[in-house]
Amino acid sequence: MDARAAHGVLIGVALAISACGTPTDDIAGDGGADRSVEVLAKAEGWRAGLADAAGQPHMLLEVAADAELAQRAWDDNVPDSLVEADGEPDQPGIYADLDDVDLDQKVVVVLSSGESSTCPVWVEDLSTVDDHLEVMLVSVAPADQDCTDDYQPYRLVLAVDRDRLPVDALPIERIDVPSENLLDVQGRAVVYPVG
Numbered sequence: 013m014d015a016r017a018a019h020g021v022l023i024g025v026a027l028a029i030s031a032c033g034t035p036t037d038d039i040a041g042d043g044g045a046d047r048s049v050e051v052l053a054k055a056e057g058w059r060a061g062l063a064d065a066a067g068q069p070h071m072l073l074e075v076a077a078d079a080e081l082a083q084r085a086w087d088d089n090v091p092d093s094l095v096e097a098d099g100e101p102d103q104p105g106i107y108a109d110l111d112d113v114d115l116d117q118k119v120v121v122v123l124s125s126g127e128s129s130t131c132p133v134w135v136e137d138l139s140t141v142d143d144h145l146e147v148m149l150v151s152v153a154p155a156d157q158d159c160t161d162d163y164q165p166y167r168l169v170l171a172v173d174r175d176r177l178p179v180d181a182l183p184i185e186r187i188d189v190p191s192e193n194l195l196d197v198q199g200r201a202v203v204y205p206v207g
């Protein structure tokens, strides 16, 4: 599949995902210590060189399981120009601090994907099920909203409970988005950094 066709499919995935519902309480970390997935930051685009190294999957999750890799993932993916934000993590911003992540209990995950500019998404939950990863995305866009068909690459830096994404299970080559019956989307989960 060429890059244009891959982007077209990804736009369809992003549009379908955007209608998956409304956000639940406390996604962004306002007391999110009890959440299994917490959005730390959202940034526009993929980091420099990632599309070439990743082979243009629809969704790439890179897992940093120790303090050194977690800091590198943060430094590589959270631009200095990104400002602090609160509320739902649908827009670029820093929603929680890496220093507050208990790396004995959590791993840091960089998720790179794409979305419609009118229906931005973020991860509400993810877990390893058998041989694949299930990712639940949500949007602030109403389910009946028509989303534009533009492709906006983005990346999320997440803190995820270790038992939801065991490092010894990596690499994972199958990703499902069950909220929209999207099974086996082109994607993978690997140890940070890919390539």
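Numbered per the numbering used here, the sequence shown spans residues 13 to 207.
We treat Cβ as the ideally placed atom computed from N, Cα and C, and that holds for glycine.
- Contact between R186 and H144 holds: their C-beta atoms lie close to 4 Å from each other, under 8 Å.
- The segment 123-132 and the segment 156-163 touch, with no fewer than 3 CB-CB distances between them shorter than 8 Å.
- Bounds of any beta strand (DSSP E) do not take in Q103, whose DSSP letter is neither H nor E.
- Sequence-distant partners of L94 (beyond 5 residues in either direction) whose C-beta falls short of 7 Å from its own C-beta, in its chain, are A53, A55, P104, G105, I106.
- If you look at Q117, you'll find it isn't in any beta strand (DSSP E); DSSP assigns it neither H nor E.
- L149 and V189 have their alpha carbons spaced roughly 7 Å apart.
- Residue pairing by DSSP leaves W86 without any beta bridge partner.
- Straight-line spacing of the CA atoms in L72 and R200 works out to 5 Å.
- L138 is the residue among D158, L182, V206, L138 whose C-alpha sits nearest the C-alpha of R47.
- By the neighbour-count criterion, in which 16 or more other beta carbons inside 10 Å mark a residue as buried, V141 falls on the exposed side.
- Short of 6 Å from the beta carbon of E146, and not among the five residues preceding or following it, lie these beta carbons of its own chain, in chain order: S139, D188, P190.
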